[in-house]
Each structure stands twice: as C-alpha cells, then as structure tokens.
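**Student:** Numbering (my numbering), first residue to last: 1470 to 1682.
Built from N, CA and C at the ideal position, the CB exists for glycine as well.
All figures in this text were calculated on a predicted structure; none of them were measured in a lab.
Please see the structure below; I have some questions.
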Amino acid sequence: MTRPRADLDVSSVLLEPERFPPDAPLSWPDLFGDGRPILVEVGSGKGLFLVNAGLQRPEFGCFGIELAKKYARLAAERAVKSGVTNVRMWPADAGALLARRIPEASVREVHVYFPDPWWKKRHKKRRVFNQTLVASILRVLEPNGELHVATDVEEYHGVIRELLAGEPRFAEIDPPPLNDPEHDHDYLTNFERKYRIEGRPVYRSSYRLTATP
Ligand SMILES: C[S@@+](CC[C@H](N)C(=O)[O-])C[C@H]1O[C@@H](n2cnc3c(N)ncnc32)[C@H](O)[C@@H]1O
1470 MTRPRADLDV SSVLLEPERF PPDAPLSWPD LFGDGRPILV EVGSGKGLFL VNAGLQRPEF
1530 GCFGIELAKK YARLAAERAV KSGVTNVRMW PADAGALLAR RIPEASVREV HVYFPDPWWK
1590 KRHKKRRVFN QTLVASILRV LEPNGELHVA TDVEEYHGVI RELLAGEPRF AEIDPPPLND
1650 PEHDHDYLTN FERKYRIEGR PVYRSSYRLT ATP
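Pasting the structure below:
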C-alpha cells in the first residue's frame, strides 16, 4: 500500500475545502485561470486518470473529487511529482459539490471510473452513481459535454445505463479507445489496471449531452 509522503508540498494541487466560503459556487477561473475547458472526475482514487488527463491535455483544467482524504493526498502527490500544473484535487464528497457548487453548464467532461459497487442490498443506496448524480451531471455539463463511465460490475453498469437511457438529452457515443499499455501508468485508472491484469471484464459507456433539451 502506497503511503502519503508528509515531506512533499502538495498545496498547489490539494485544495482545502474549509478555506472556501461554505456553499459558495466554485470559480473555475480562480482555480485554473481564465477560459479553460474543465474536466471533472468523481472518485479519483490515487489519481492515475486525472494526472494523465492533465498531462495529455494541458489546455484543460482537470478537477478531481475524492472523498477519502488519504487517496486525495496520494493523487495530489502524483500530480506534484509529474510536474503537471492544471490538476486540482478536492478532498470531499462529490455529491454536494456537483449538486450545488459547480457552476451550471461549466464542465466539458465528467468521468466516473469504478465507483464503489456496495454489493450488499441494504448498502446499494450508498452508490455514488444514482439518479441524483445524473441530475447533477446534467446540470453541470456544457452543451455537447461528455460523460465517461467505467465499472467492472456488469449489474452496476446496467443500472447506470438505465439511468442514462431515461434522460433523452444524453446521446450514447463510442468510448475512447483503450491504451495498449506498456507501463503501469498507461492504464485508464488504478482499478482498470488491476482488473485488466486479472483478466476481468471492464464495462464502459460514454455519452454526449445534446445541445438542446
Ligand atoms: C473503487 S475506487 C476507484 C478509484 C479510481 N476511480 C480508480 O478507478 O482507480 C472508488 C473511489 O471513489 C471514492 N468515492 C466514493 N464515494 C465518493 C463521493 N461521494 N465523492 C467522492 N469520491 C467518492 C472512493 O473513496 C474511492 O476512492
């Protein structure tokens, strides 16, 4: 298990929610500078996808939301070590932020990779990908913005697809092609690496928000 490194200064990446006015909308220009398209990842884990996205698309502002403070810190450390400058980590719950504080129609891409499946029936209500999240994603995406989802759980993938099929503004598109990995960091996410190495299936879906309701 990777341990956070207390000696590494991650203050340029790891945001402190308590320093932001409570419930105030986030300002993308304050976080990334003016005029950048914004990519949001829900549940960034250790940040492999987010940091690769920042490196590959320097014109974007890449904003990761990760509930587990330890993982948010590890993702921030990955960003600092990589030298990427357009990545920020928000170490808190994605739900409230997406529902209210991320400005409406301000996000070019939302990515949700390997959300916790919460297998037990009585725990399924804890799943992050639910009707409320769909409503929030609809709220924050720009016209023609994209949603990308992956999971190893066929049943959860079915639930996600059903939720999105119920919203006519989402048009399904082909998921981006997967890398042919040469190195550990060539995978989409840490969980994708683990499951592909184990030979387990990965279910992916992508959508574009149509410009008109
Ligand atoms: C199974 S892990 C996947 C991590 C990463 N996306 C990957 O594929 O390697 C799910 C992550 O979502 C985070 N998470 C769960 N609920 C969340 C929430 N409400 N807001 C933000 N992150 C959340 C968990 O802490 C965990 O790190």
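Should LEU1517 go down as buried or exposed, given a rule of 16 or more other Cβ atoms within 10 Å for buried?
**Tutor:** Its Cβ being crowded by 16 or more others within 10 Å, LEU1517 is buried.
**Student:** Is it true that the CB of GLU1510 sits closer than 8 Å to the CB of HIS1580?
**Tutor:** yes
**Student:** Identify the continuous beta strand (DSSP E) that holds PHE1501 and give its terminal residues.
**Tutor:** Taken as a continuous stretch (DSSP letters only), PHE1501 belongs to no beta strand (DSSP E), being part of the alpha helix (DSSP H) at 1497-1501.
**Student:** Is it buried or exposed for TRP1559, if we count other Cβ within 10 angstroms and need 16 for buried?
**Tutor:** With 16 or more other Cβ atoms within 10 Å, it is buried.
**Student:** If you draw a straight line from the C-alpha of GLY1523 to the C-alpha of PRO1637, how long is it?
**Tutor:** 31 Å
**Student:** Under a Cβ-count criterion, where at least 16 other Cβ atoms within 10 Å of its own Cβ denotes burial, should LYS1515 be classed as buried or exposed?
**Tutor:** buried
**Student:** Return the first residue and the last residue of the alpha helix (DSSP H) that THR1554 is part of.
**Tutor:** No alpha helix (DSSP H) contains THR1554, which DSSP labels as neither H nor E.
**Student:** Could you tell me if the beta carbon of ASN1430 falls within a distance shorter than 7 Å of some heavy atom in ligand 1?
**Tutor:** The first residue shown for the chain is 1470 and the last is 1682, placing residue 1430 beyond what the model contains.
**Student:** Can you have a look at LEU1477 and say buried or exposed, based on whether 16 or more other CB atoms are within 10 angstroms of its CB?
**Tutor:** When all chains shown are included, LEU1477 counts as exposed.
**Student:** Tell me whether the beta-carbon of ARG1557 lies closer than 8 Å to the beta-carbon of PHE1532.
**Tutor:** For ARG1557 and PHE1532, yes; Cβs fall inside 8 Å.
**Student:** Can you name, in chain order, every residue of its own chain whose Cβ lies under 6 Å from the Cβ of ASP1562, other than the five neighbours on each side?
**Tutor:** These residues qualify, in order along the chain: LEU1536.
**Student:** Assign SER1513 to buried or exposed, taking buried as 16 or more other Cβ atoms, counted over all protein chains shown, within 10 Å of its Cβ.
**Tutor:** buried
**Student:** Can you tell me the Cα-Cα spacing of PRO1490 and SER1675, whole angstroms?
**Tutor:** 34 Å
**Student:** Are PHE1639 and LEU1678 close, meaning C-beta to C-beta below 8 Å?
**Tutor:** yes
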